[in-house]
Amino acid sequence: MENNLLFNALIYLLAAVVAVPVAKRLGLGAVLGYLIAGMAIGPWGLRLIEDVQIILHFSEFGVVLLLFVIGLELDSKRLWSLRRPIFGWGGAQVLGCSAALFTAGLALGADWRTALIAALGLSLSSTAIALATLEERNLMATPAGSAGFSILLFQDIAAIPMIALIPLLGVAETQGETEGWLDGLKVVGVIAALIVGGRYLIRPILRVIAKTGMREIFTAFALLLVISIALLMESVNMSMALGTFLAGVLLAESEYRHALESDLEPFKGLLLGLFFIAVGMSVDFGLFLTKPWHILGLVAIFLTAKMGVLYLLSKCFKLPRTQQSLFTFLLAQGGEFAFVVFSTATSAKVFSPDTSALLVVVVALSMVVTPLLLVLYDKWLEPRLRNLDQRPDDDITPQDSPVIIAGFGRFGQIIGRLLYANRIYATVLDHDPDQIDLLRKFGFKIFYGDATRADLLQSAGADKAKILVVAINNLEASLKLVDVARQRFPHLHIMARARNITHCYQLMDRGVTVFERETFEGSLQLGRRVLEDLGFGAYQARQTAMKFRAHNIKTMHAVYPHYKDQQQLVSLAKQAKDELEEMFARDREARDKQQTDGWDAP
Numbered sequence: 316m317e318n319n320l321l322f323n324a325l326i327y328l329l330a331a332v333v334a335v336p337v338a339k340r341l342g343l344g345a346v347l348g349y350l351i352a353g354m355a356i357g358p359w360g361l362r363l364i365e366d367v368q369i370i371l372h373f374s375e376f377g378v379v380l381l382l383f384v385i386g387l388e389l390d391s392k393r394l395w396s397l398r399r400p401i402f403g404w405g406g407a408q409v410l411g412c413s414a415a416l417f418t419a420g421l422a423l424g425a426d427w428r429t430a431l432i433a434a435l436g437l438s439l440s441s442t443a444i445a446l447a448t449l450e451e452r453n454l455m456a457t458p459a460g461s462a463g464f465s466i467l468l469f470q471d472i473a474a475i476p477m478i479a480l481i482p483l484l485g486v487a488e489t490q491g492e493t494e495g496w497l498d499g500l501k502v503v504g505v506i507a508a509l510i511v512g513g514r515y516l517i518r519p520i521l522r523v524i525a526k527t528g529m530r531e532i533f534t535a536f537a538l539l540l541v542i543s544i545a546l547l548m549e550s551v552n553m554s555m556a557l558g559t560f561l562a563g564v565l566l567a568e569s570e571y572r573h574a575l576e577s578d579l580e581p582f583k584g585l586l587l588g589l590f591f592i593a594v595g596m597s598v599d600f601g602l603f604l605t606k607p608w609h610i611l612g613l614v615a616i617f618l619t620a621k622m623g624v625l626y627l628l629s630k631c632f633k634l635p636r637t638q639q640s641l642f643t644f645l646l647a648q649g650g651e652f653a654f655v656v657f658s659t660a661t662s663a664k665v666f667s668p669d670t671s672a673l674l675v676v677v678v679a680l681s682m683v684v685t686p687l688l689l690v691l692y693d694k695w696l697e698p699r700l701r702n703l704d705q706r707p708d709d710d711i712t713p714q715d716s717p718v719i720i721a722g723f724g725r726f727g728q729i730i731g732r733l734l735y736a737n738r739i740y741a742t743v744l745d746h747d748p749d750q751i752d753l754l755r756k757f758g759f760k761i762f763y764g765d766a767t768r769a770d771l772l773q774s775a776g777a778d779k780a781k782i783l784v785v786a787i788n789n790l791e792a793s794l795k796l797v798d799v800a801r802q803r804f805p806h807l808h809i810m811a812r813a814r815n816i817t818h819c820y821q822l823m824d825r826g827v828t829v830f831e832r833e834t835f836e837g838s839l840q841l842g843r844r845v846l847e848d849l850g851f852g853a854y855q856a857r858q859t860a861m862k863f864r865a866h867n868i869k870t871m872h873a874v875y876p877h878y879k880d881q882q883q884l885v886s887l888a889k890q891a892k893d894e895l896e897e898m899f900a901r902d903r904e905a906r907d908k909q910q911t912d913g914w915d916a917p
């Protein structure tokens with residue numbers, strides 16, 4: 316048994332380590348990599364793993380951990396502020412999708428009870444896939460991310476009454492009235508205990524454990540806490556994920572939030588990956604091969620109906636046009652709770668086992684299709700939507716400012732404000748409409764447009780200006796602008812923002828001699844402060860920083876003629892490192908011999 320467990324762990328880890336990096340490299344995303352890995356090692360692939368249901372049930376704990384960690388990011392005030400999106404948007408999504416899918420089920424000839432339960436189950440989306448995708452792409456704070464999160468949270472809540480409804484429609488014996496009230500009281504009691512415990516019991520326990528200084532015990536308690544809450548919620552037929560989410564919210568304001576989050580993060584990632592592998596293994600290709608066109612047709616009908624409703628809702632929610640399709644694709648698939656709903660329906664004899672198996676395959680395939688839809692969005696749809704949403708370039712009346720600033724982000728703003736404070740009013744070109752509207756209120760001559768267009772530069776006064784400041788964040792656009800300015804306006808003195816050493820060399824190739832690396836000076840100043848805090852005198856810290864700066868600039872210019880020769884570049888970099896080390900060693904010897912004056916004293 317032990318060897319079997321270790322062998323299975325070896326298979327899961329090997330499949331993930333091989334499939335996920337390949338899928339990421341191909342631009343398919345981590346989720347699709349896990350799904351492909353599951354298909355490869357499952358009963359219909361290499362048959363390395365046979366017992367799918369046990370691992371699927373165990374790996375659902377990854378979804379539980381995900382909701383707990385998300386709950387830690389939300390305090391109770393923020394959650395309360397989301398009450399309208401959760402119940403408004405979430406209710407609209409579940410009702411709208413259920414109605415569309417119920418109608419489709421009736422049209423396909425299904426019994427009304429079968430069509431209703433199937434529609435309710437299929438209206439639920441995959442919390443694991445959607446939230447993992449939002450986190451992976453850092454989209455939680457976007458309108459599409461907020462709407463998607465609110466809907467997924469409502470779905471977790473809505474799954475409970477759905478499951479409770481099934482016995483009323485089936486032929487299995489239902490609970491008596493007294494038992495129903497008793498179960499209701501149990502649910503209320505568990506939630507009340509969770510709230511009270513989260514507020515007044517868990518925090519003191521965490522404080523005691525933290526004082527031991529044993530990080531592994533703290534991690535063990537974090538896992539114990541999540542598992543206990545999950546099992547407690549499951550005992551009253553409530554969503555485990557919903558319960559742990561509430562616990563996370565209650566601990567969001569505690570001083571141990573970040574420690575809990577960092578301790579659980581590795582377990583969450585591994586178990587979520589295991590869940591996706593289990594979903595890939597659960598695709599019944601045997602059933603699929605017996606009637607492939609029938610199943611593909613059902614998947615197409617399901618996705619079309621659900622995406623149609625979601626797209627209409629994205630319009631009603633007034634999401635940005637570039638995010639409407641993303642929102643639709645994120646929530647289009649069936650979810651984990653669909654497996655629970657269909658299993659309960661089979662037990663209550665609402666479904667036949669064949670119907671349940673068919674719907675499970677449809678849900679699993681919809682999960683597999685979702686990452687492909689997201690790839691389609693990234694590669695084809697999103698660039699076209701962005702171009703459609705792009706505001707047309709401003710018609711610029713001829714300007715005569717001595718300075719043109721291209722790009723007014725965090726770098727360009729500092730330059731612009733410095734000039735503005737000295738009554739030098741630069742002409743600014745930028746691509747952020749909201750920022751443009753704001754800065755115009757403060758008197759900046761700022762225009763929307765592509766600074767690499769020669770006609771736009773002409774209108775901005777490039778033929779009369781003295782200086783062009785290239786502060787564009789995008790490296791390729793920055794170089795293109797320099798090329799255009801050099802060709803069309805050779806009199807302009809170009810000063811540029813450089814992203815890194817290679818960008819510096821590319822600017823030097825184009826004759827630009829005045830540039831600043833965007834993080835170099837700030838890092839140097841902070842390094843100087845670190846030296847002072849470590850006991851260096853103020854003068855000594857300043858001199859050390861300035862020597863490092865001078866040596867770095869000298870090295871950069873020495874390396875420049877050879878920067879395209881990799882072998883020579885490595886040799887010169889090593890030589891520069893040795894020179895810097897020798898220089899600092901001489902400085903330390905000199906400092907040790909001389910007495911420091913009062914100003915330089917630590």
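All residue numbers for the sequence shown refer to the numbering used here, where the first residue is 316 and numbers rise by one. Virtual Cβ for every residue (Gly too), placed ideally from N, Cα, C.
- Taking the CA atoms as reference points, Pro607 sits about 15 Å from Val678.
- In the same chain as Ser441, and ignoring 5 residues on each side of it, the C-beta atoms closer than 8 Å to its own belong to Gln648, Gly649, Gly650, Glu651, Met682, Thr685, in chain order.
- By the criterion of at least three beta-carbon pairs nearer than 8 Å, the region 597-613 is not in contact with the region 563-577.
- Going by beta carbons, Val743 and Ala415 fall outside the 9 Å limit.
- Taking all protein chains in view, the Cβ of Asp599 is crowded by 16 or more other Cβ atoms within 10 Å, so the residue is classified as buried.
- For Glu451, the enclosing alpha helix (DSSP H) has its first and last residue at 442-451.
- Distances from the alpha-carbon of Ala545 to those of Met455, Thr534, Phe560 put Phe560 closest.
- Cβ contact annotation for Arg843 (same chain, cutoff 7 Å, sequence separation greater than five): Ala856, Arg857, Ala860, in chain order.
- Residue environment for Asp669: exposed (fewer than 16 other C-beta atoms within 10 angstroms of its C-beta).
- Taking every protein chain shown into account, the CB of His609 has fewer than 16 other CB atoms within 10 angstroms, so this residue is exposed.
- Using a 10 angstroms sphere on the CB of Ser550, the tally of other CB atoms stays under 16, which defines it as exposed.
- Per DSSP, reduced to three states, the secondary structure at Leu841 is helical.
- Excluding five sequence positions before and after Ser629, the CB atoms of its chain that fall closer than 7 Å to its own CB belong to Gln639, Phe642, Thr643, given in chain order.
- The beta carbon of Leu790 is closer than 7 Å to those of Arg814, His818 in its chain, skipping five residues each way along the sequence.
- Here Glu568 carries a coil assignment [DSSP, helix/strand/coil].
- If the five residues before and after Phe804 are omitted, its C-beta is found closer than 6 Å to the C-beta atoms of Ala777, all from its own chain and listed in chain order.
- The alpha helix (DSSP H) runs of length 4 or more contained entirely in the region 760-809 are, from start to end of the chain, 769-774, 790-803.
- Following the DSSP letters along the chain, one finds Ala721 inside the beta strand (DSSP E) bounded by residues 718-721.
- The bridge partners DSSP lists for Glu831 are Arg812.
- For Leu691, the enclosing alpha helix (DSSP H) begins and ends at 668-691.
- The C-alpha of Gly406 is placed about 35 Å away from the C-alpha of Ala574.
- Under the three-state reduction of DSSP, Leu480 is assigned to helix.
- For the pair Ile481 and Val656, the CB atoms are nearer than the 9 Å cut-off.
- Pairwise C-beta distances place the region 588-598 out of contact with the region 498-516, as fewer than three of them are shorter than 8 Å.
- In the three-state scheme derived from DSSP, where H, G and I count as helix and E and B as strand, Thr457 is classed as coil.
- In this structure Ala620 does not touch Ile719 by the C-beta definition: roughly 53 Å separates them, more than the 8 Å allowed.
- Within the same chain, and ignoring the five residues on either side of Gly348 in sequence, the residues whose Cβ sits closer than 8 Å to its Cβ are Ala331, Ala334, Val335, Pro336, Val337, Ala338, Lys339.
- Nearest to Ile816 by alpha-carbon distance, out of Leu807, Ile809, Phe830, His808, is Phe830.
- Taking the Cβ atoms as the reference, Leu783 lies roughly 5 Å from Ala800, within the contact range of under 8 Å.
- Two segments are said to touch when three or more pairs of C-beta atoms, one from each, lie closer than 8 Å; by this definition the region 421-441 does not touch the region 318-325.
- Minimum Cα-Cα distance from Asp693 among the listed residues Leu325, Tyr327, Leu329, Leu341 corresponds to Leu341.
- Only buried fits Tyr327, as 16 or more other CB atoms lie within 10 angstroms of its CB.
- For the options Pro698, Ala593, Lys760, Met354, the alpha carbon positioned closest to that of Ser716 is the one of Lys760.
- Taking C-beta separations shorter than 6 Å and ignoring five residues to either side along the sequence, the partners of Phe536 in its chain run Ile524, following chain order.
- A Cβ-Cβ contact shorter than 9 Å links Ala786 with Gly727.
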